[in-house]
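K.L.:
Pasting a structure here, questions to come.
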Amino acid sequence: MTSENEKVSRRDWLKFVGGTVVGLVVGGVLGYFGGAAKPAEKTVTVEKTKTIVSTVTSVSPTTITTTTAPPPTPTTVRIFRPGTVEKVRKWMEDAVKEFEKKYPNINVEPVYCGWGEYSTKIRSLVASGQAPDVAMIWIGDVYYYADQDALIPLDQYFDVEELKKSYPTLNACFWKGTLYGIPASVGNFVFFYHKKVFEKAGLDPEKPPRTWDEMVDYARQIQENTDSYGIGIPGDAITAKDVFTIHWYTLTKVKPEYDPETKTVYWDSSEGRKVLKFLYDLVNTWKVTQPDPLSYSRFDLRPLFRDGKIAMHFDGPWILPMLKEAFDFSDPEKCPIGITRIPSVDEKSYPYSASQSGCDQWVIFKQTKDLDAALELLKFVTSPEWQYKHDVIYGQIPARVEEYEEQEFKQWYYEPFKEMLKNSGPPQPVMIEMTEYQRLMCEMLQKIYACEMEIEDAIKAYAEKIKKLR
Amino acid sequence: MDRLKGRASPYFFILPTITLIMFIYFIPLFETIIFSFMDMKQLGVVGEFVGLRNYENLFMNEEFQYSFTLTVFWTFTSVGLIILVGLGLALALNEKFPGNKIVRTLSLIPWITPASICAVFWRWALHPAFGSLNFILKSLGVISGPLRFLSDPRLAIFAIILVRFWRGLPFAVFCFLAGLQSIPEELYEAAEIEGATGFYKFRYITLPLLRGVIAMTTTLLTIWTFQLFDIIFVLTGGGPFSSTEIIPIFIFLTLFRRYDINPALSGGVLVVTFLLIISFIYFKFFGRR
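So the protein lines, in turn, are chains A and B. For the first sequence, our numbering begins at 1 and goes up steadily by one. For the second sequence, our numbering begins at 1001 and goes up steadily by one.
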């Protein structure tokens, strides 16, 4: 073959360049007119007091006042619900299908991601201008994004008083007096114990510990008489703090941990020292927990509790799907798992028992290109019917009070959650750098568990670090 | 005209690739460099120009200083171990013995296993209660109680060095093996006739002729180790108490957990600069061999 043949001829060059130019022009024209078919700017139509009535069976109807009309032209909105993808998909696919049937003009694109990648994913999406229209985000991020003015204030589209009647945890959805979220995923901590291990240890399986002292005695007896550990304590960098907050709330009757306004660290007190000393003693003095808590997150402890390697465990309703799969929960007498309130400090002096409740929230990002459609989707997923389905599939306690009328939530295993919800406080504290606060608290607990720092030194050092946060 | 066309054609063919790389690599990199000179309060929102202040703050940042020192220690220890042991293993595998091919194939396993699987495997292997490593060490009588490889701040860095060593070793072995096989056999025969012993043959034939391969392997391993993220993040997340928080983990945690954009951006630019210097050294001295 000659070199002449290998060269690209002038005709071929012209063909290529001409084809590219024509292609670009055609694409540009199509893109321009395709885009122009949509209205450049959407107007939020106000239809005062339009009411959506729930259709869920045996759930008392709940009203949400809406202020917008559905979009008239075809549009696409994206919904983001982090969590175990199989579980989310199970709920999401049906919800999307149903929504699209109801609103044929709105196409819904779900965005899936596990909790492990949640933080990176949401930050990258928002930073790149690709924020989902409707998203379920962690409570700390609601405050962070509200502060960044990245969220749509919802109080102008929802009747806040009506919402308050339905959502007991609505207070956690306000940032500086404005409503930015709707509770999506509510869960509070209770006390789980393994009845079979109790029996093996010679304890009465129907008498769970009521106080801190009883819990320690039971744990000792379990470790002496069985090959199980007494109490599961998470000590990783993400979930270690929950156990501190549960006991702090129990001791202080749900007192805040920190006030970012006045920079007051409330656990830098005799009460804080008492809780930290108790946790230190569990791990190091009495040695009634699994060894080396730093190697375990709450998620790592779950299978150990299920398998009876740990006899007592603090967790939320999120563990229920795993336990229900392993054991028969239809009859509380036969079920080998006991669920009860968090042990109080002392029946006489401190009989109070309290818990921490989580509250992930649905929000709408300001980056949404179609607020009307996003609002319709938000109302749909927070409707009693779909909220109920969500809570059952995902293993949550009801976000809305109406759900308690449902047969599922009348089951015996939800009773302790209901009872504890009355004495539950939100994750602490309401501040922009809430994630960093949580991280520092986990680190402080890790240092105490690992005997890297004395309690007194840890309190002083970490209180100072926390006061520097925004 | 024909000459021009002839010169232009290669560029024409690589244009799609260049365009793609521009979009997915150079534009974000360029943006990162620009933003590192600004006071960024929110990702995606351009901040006020502050010159070198972010870099000044970064160098004054104690966490970054610690992270940098740790990264240097981690990189040089891991790479040093891989190179030394890798060379020894390559020399052994270069000898003819029964089952040589099977050993060579098996030794590739750590290299071809996906990073996430490696991390999960090692997380369990190093677990204090259920880990196989503790079990083996205890059975051999080396330890009396379990070692907290990943939760003891004094041990964690060595645990991740061990994992890096395990994963990086096959690459070094195979590079050295390829280098060894390219050394002419006649050189060794001539040396034997002259009465050279094994050590002298290694010192005066093998080592000088492997110099290029050793340099290339060291450079590549240094770059990869310095920027390693996935395995460490899954194994320790940078903990406990930041004891494994090497610079890539520091950048990630600073940006996505502490929401502090400025040190993350300037830290990222510094890492790229450092790696560019290493790459420059590599291409300058070994690229043309």
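Glycine included, C-beta positions come from ideal geometry on N, C-alpha and C. The structure displayed is predicted, hence computed values, not measured ones.
(1) Quick check on Y1188 of chain B - is its C-beta less than 8 Å from some C-beta in chain A?
(2) Taking 8 Å as the CB-CB cut-off, is G242 of chain A touching chain B?
(3) Output the distance between the C-alpha atoms of W175 of chain A and P153 of chain A, rounded to the nearest integer angstrom.
(4) Give the residues of chain A in contact with R1257 of chain B, contact being defined as C-beta atoms less than 9 Å apart.
(5) Give, in chain order, every residue of the stretch 80 to 99 of chain A whose Cβ lies closer than 9 Å to some Cβ of chain B.
(6) Which one of A:F158, A:L151, A:L170 has the shortest CA to CA distance from G425 of chain A?
(7) Going along the chain, which residues of the stretch 1103 to 1133 of chain B sit with their C-beta nearer than 7 Å to a C-beta in chain A?
(8) From Y167 of chain A to C359 of chain A, what distance separates their C-alpha atoms?
(9) Please go through the same chain and pick out, in chain order, the residues whose beta-carbon is closer than 6 Å to the beta-carbon of Y404 of chain A, but skip the five residues on each side of it.
(10) Show which residues of chain A have a CB atom less than 7 Å away from the CB atom of Q1042 of chain B.
(11) Return no unless some Cβ of chain A is closer than 8 Å to the Cβ of L1084 of chain B.
(12) Name, going along the chain, the residues of the stretch 1235 to 1252 of chain B whose beta-carbon falls closer than 7 Å to a beta-carbon of chain A.
(13) Given that V126 of chain A touches chain B, what residues does it touch there, using C-beta distances under 8 Å?
(14) Taking only runs that begin and end inside the stretch 187 to 241 of chain A, name each unbroken beta strand (DSSP E) of 3 or more residues, in chain order.
(15) Tell me where the alpha helix (DSSP H) around G338 of chain A begins and ends.
(16) Any C-beta of chain B sitting closer than 8 Å to the C-beta of G308 of chain A?
(17) Using a beta-carbon distance below 8 Å, is G28 of chain A in contact with chain B?
(18) Tell me A135 of chain A's beta-bridge partners as DSSP assigns them.
(19) Taking C-beta pairs closer than 7 Å, name the residues in chain A that L1150 of chain B reaches, listed in chain order.
(20) Check distances from the C-beta atoms of the stretch 149 to 180 of chain A to those of chain B and list, in chain order, the residues that come in under 7 Å.
(21) Quick one: grab the DSSP three-state call for I1251 of chain B.
(22) Less than 8 Å between the CB atoms is what I'm expecting for V134 of chain A and W386 of chain A, so what's the real figure, rounded?
(23) Here's the rule: buried if 16 or more other CB atoms are within 10 angstroms of the residue's CB, otherwise exposed. What is V1072 of chain B?
(24) What did DSSP end up calling V108 of chain A once you bin it into helix, strand or coil?
(25) Would you say R123 of chain A faces chain B, with C-beta separation under 8 Å as the test?
(26) For S424 of chain A, which residues does DSSP report across the bridge?
(27) Using a beta-carbon distance cut-off of less than 9 Å, what residues from the stretch 269 to 291 of chain A approach chain E?
(28) Expressed to the nearest angstrom, what Euclidean distance is found between the alpha-carbon atoms of L1133 of chain B and H1127 of chain B?
(29) Quick check: what's the CA-CA separation for V381 of chain A versus V190 of chain A?
(30) So the candidates are B:W1224, B:L1187, B:F1241, B:I1231; which of them puts its Cα closest to the Cα of V1271 of chain B?
(31) For Y388 of chain A, would you say it is in contact with chain B, using Cβ-to-Cβ distances shorter than 8 Å as the test?
(32) Could you give the distance in angstroms between the alpha-carbon of P1153 of chain B and the alpha-carbon of K309 of chain A?
(33) So A1156 of chain B is in the alpha helix (DSSP H); what residue range does that whole segment cover?
(34) Chain B partners of K447 of chain A, CB-CB under 8 Å?
(35) Looking at the secondary structure, which residues open and close the beta strand (DSSP E) in which I310 of chain A lies?
(36) Roughly how many whole angstroms lie between the Cα atoms of Q1042 of chain B and A131 of chain A?
P.N.:
Taking the geometry as given:
(1) no
(2) Note on residue identity: the sequence assigns Asp, not Gly, to residue 242 of chain A. Cβ-Cβ to chain B under 8 Å: no for D242 of chain A.
(3) When rounded, the separation of the alpha-carbon atoms in W175 of chain A and P153 of chain A is 10 Å.
(4) S119, T435, E436, R439
(5) none
(6) A:L170
(7) For the stretch 1103 to 1133 of chain B, which is checked against every Cβ of chain A, the residues closer than 7 Å are H1127, P1128, A1129.
(8) 11 Å
(9) Excluding positions up to five away in sequence, the list reads P398.
(10) In chain order: Q148.
(11) L1084 of chain B does not count as touching chain A.
(12) G1237, G1239, P1240, F1241
(13) L1043, G1044
(14) 190 to 194, 229 to 232
(15) Per DSSP, G338 of chain A belongs to no alpha helix (DSSP H); it is in the beta strand (DSSP E), 337 to 340.
(16) no
(17) Confidence is the limiting factor: at G28 of chain A the pLDDT is only 44, short of 50, which leaves the residue's position unreliable and the question unanswerable from this model.
(18) A:F80, A:V363
(19) S295
(20) none
(21) I1251 of chain B: helix per DSSP, three-state reduction.
(22) Contact flag wrong, Cβ pair sits at about 12 Å.
(23) Under the 10 Å beta carbon count, V1072 of chain B is surrounded by fewer than 16 other beta carbons and is classified as exposed.
(24) Residue state, collapsed to three classes: strand.
(25) True, the Cβ-Cβ gap to chain B drops below 8 Å.
(26) A:S355
(27) Protein chains in the displayed structure are A and B, and chain E is not among them.
(28) 8 Å
(29) 27 Å
(30) B:W1224
(31) Y388 of chain A does not count as touching chain B.
(32) If you draw a straight line from the Cα of P1153 of chain B to the Cα of K309 of chain A, it is about 26 Å long.
(33) 1153 to 1181
(34) F1241
(35) I310 of chain A: member of the beta strand (DSSP E) spanning 310 to 315, first to last residue.
(36) 14 Å
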